[in-house]
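Below is one structure; the comments refer to it alone.
In full-length UniProt numbering, the protein residues as written are 1 to 265.
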């Protein structure tokens, strides 16, 4: 099976302007497709901006809303899948969500963040209840988490045990926590034997100062692609062959002594 070329869009877009962010996404999708990517991953709450405060209810949309239809259209035009963060309205609740739409414009998976971070998120969002959400793309099992979720090793291990090969993690990692992108994410990929595409915002946005440092971390603990601190599109390959070899050589998943772990739950 050939590697799944994955593009990471490190950008904060324009806070509060869905139309401008859709235009940025369209332009990035064109560049990603030209680089041979079959998947473009965007940061947390990319469509609206993160520091939108009281505008959350106004900008929230259902999973099949107008923005989803616009993303589906650009997926078809550029011939690649897009994974993007947005505030999802579901009845009377709003979730911090991320959706994966396939190259044919069909929705593949929608995930609601389960571990909310800080007073801003706790004020506006309801946590999701599904810990493992997956989809298939070009024969690769894709899993979805959002930002703070990946900092809990149980979440990543649950994905590994469910067969996830490439874990997509849109994020809004801010100072003073750059070590999460630099150290925690590659360790998560190594200890659970999968790829992690960790895609961050960048620059100042309201009270938040985002660190950038988006990366594609491999199951061997190495970083296959890394962005700097500014706006950037980076591309890397999630190689099923390397993953299979790494899982064969690394005994973590095989050597677990599950009878000892009851206290974890």
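Positions of the beta carbon are idealized from the N, C-alpha and C atoms, including for glycine.
What you are looking at is a predicted structure, and each value in this text was computed from that prediction instead of being measured.
Considering residue i, what are the terminal residues of the beta strand (DSSP E) in which it resides?
i	result
residue 232	232-238
residue 170	166-170
residue 95	93-101
residue 90	81-90
residue 223	223-226
residue 135	133-137
Specify, as a first and last residue, the run of the alpha helix (DSSP H) that residue i falls within.
i	result
residue 275	For the chain, the structure presents residues 1 to 265; residue 275 sits outside this window and is missing.
residue 120	118-124
residue 3	Where residue 3 is concerned, there is no enclosing alpha helix (DSSP H), given that its DSSP letter is neither H nor E.
residue 153	153-161
residue 68	66-78
residue 51	Element bounds for residue 51: n/a, residue is neither H nor E.
residue 186	185-192
Going along the chain, which residues of its own chain have a beta-carbon closer than 8 Å to the beta-carbon of residue i, five neighbours each way excluded?
i	result
residue 245	none
residue 178	211, 213
residue 107	63, 64, 68, 72, 99, 100, 101
residue 253	160, 161, 192, 193, 247
residue 55	16, 48
residue 264	154
In the DSSP assignment, what are the bridge partners of residue i?
i	result
residue 197	168, 216
residue 211	202
residue 110	99
residue 146	Answer by DSSP bridge pairing: none, since residue 146 is not bridged.
residue 248	Residue 248 is not bridged to any residue.
residue 8	41, 234
residue 61	88
residue 141	136
Hey, residue i and residue j are a contact pair by Cβ (cut 8 Å); roughly how many whole angstroms apart?
i	j	result
residue 172	residue 50	5 Å
residue 1	residue 143	Wrong, their Cβ atoms sit about 17 Å apart, outside the cutoff.
residue 43	residue 199	5 Å
residue 93	residue 52	So it is not a contact: roughly 17 Å between Cβ atoms.
residue 10	residue 164	Their Cβ separation, rounded to whole angstroms, is 23 Å, which puts residue 10 and residue 164 out of contact at 8 Å.
residue 223	residue 186	6 Å
residue 166	residue 197	7 Å
Any beta-carbon of chain B closer than 7 Å to the one on residue i?
i	result
residue 231	The structure shown contains no chain B, having only a single protein chain.
Kindly list the residues whose CB is nearer than 7 Å to the CB of residue i, restricted to its own chain and excluding five residues on each side of it in sequence; keep chain order.
i	result
residue 33	78, 79, 80
residue 26	74
residue 37	5, 6, 7, 80, 235
residue 89	60, 61, 62
residue 124	56, 94
residue 45	85, 86, 87, 96, 172
For residue i, collect the residues of the same chain with a Cβ closer than 6 Å to its Cβ; drop the 5 residues on either side in sequence, then sort them by chain order.
i	result
residue 29	40, 74, 78
residue 256	none
residue 270	With the chain covering 1 to 265 only, the question about residue 270 has no answer from this structure.
residue 206	51
residue 148	115, 117
residue 133	109, 111, 144
Return yes when at least one heavy atom of the ligand GDP lies under 6 Å from the C-beta of residue i, else no.
i	result
residue 15	Among the ligands in the structure shown, none appear at all, so the ligand GDP cannot be discussed.
Counting Cβ pairs, one atom from each stretch, are 3 or more of them under 8 Å apart for the region 64-71 and the region 224-243?
no
Touch check for the region 211-219 and the region 110-118: three-plus C-beta pairs under 8 Å?
no
Mind the definition here: the region 9-26 touches the region 149-160 only if three or more C-beta pairs lie below 8 Å; say whether that holds.
no
Within 8 Å, do at least three Cβ pairs link the region 194-212 to the region 90-107?
no
Contact between the region 120-132 and the region 69-82 (3+ Cβ pairs under 8 Å):
no
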